[in-house]
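Working notes, beginning with the structure itself.
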Amino acid sequence: MDRLKLSLRCALLLAPLVMTTGSALGRDDGRYANSPLKPWFDSLRSHLGPCCSDADGFAVSDPDWESHDGHYRVRLDGQWVDVPDEAVITEPNRAGHTMVWPVKTAFGISIRCFMPGSMI
């Protein structure tokens, strides 16, 4: 009986990990293969890991993101999501517009990478 309980506990602990890994994988379908910014997008990383590519992220209009006291949040699917400090890309934004790389899981939306734009 103890083995069954241990196996069940292990399965419950590993389930969230298995459910989140699939949604974080890149899905570059070749749309941006000829973009001069493609190598730069492919090299972007936050402290949470690689952002994957421009195909995985999307531009966010100015009303859908904000900064307050040095922290960011972004509106995704109608709800405000706090951007972890580790997800913020601090290198210069060559794309010019704000971009976000969300990861959707069974537990909600988290931000893997966030690159603030000019806000003008």
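Residue numbers for the sequence shown, in mature numbering (1 follows the signal peptide of the UniProt record, and there is no 0): -26 to -1, 1 to 94. Where is the CB? At the ideal position from N, CA and C, for every residue including glycine.
With DSSP as the reference, identify every bridge partner of Ser27, one or two as the case may be.
In the sequence shown, the residue the question calls residue 27 occupies position 53. For Ser27, which the question treats as bridged, DSSP gives no partner whatsoever.
Cross-strand partners of Glu40 (DSSP beta bridge):
The sequence position of residue 40 within the sequence shown is 66, counting from 1. Glu40 pairs with Arg47.
Please state the DSSP three-state secondary structure of Ser20.
As a first step, residue 20 is located in the sequence shown; it is residue number 46 there, counting from the start. Looking at Ser20 - three-state DSSP - the assignment turns out to be strand.
Apart from the five residues on each side of it in sequence, which residues of its chain come closer than 7 angstroms, Cβ to Cβ, to Gly31?
The residue given as residue 31 occupies position 57 in the sequence shown. Counting only Cβ-Cβ distances below 7 angstroms, and skipping sequence neighbours, we find Cys25, Met73, Val74, Trp75, Cys87.
Exposed or buried, which one is Val(-9) when buried takes at least 16 other CB atoms within 10 Å?
Here residue -9 refers to the residue found at position 18 when the sequence shown is read from its first residue. Bear in mind that a pLDDT of 38 at Val(-9), under 50, signals an unreliable position, so the number given afterwards is only what the model happens to contain. By the neighbour-count rule (16 or more Cβ atoms within 10 Å), Val(-9) is not buried but exposed.
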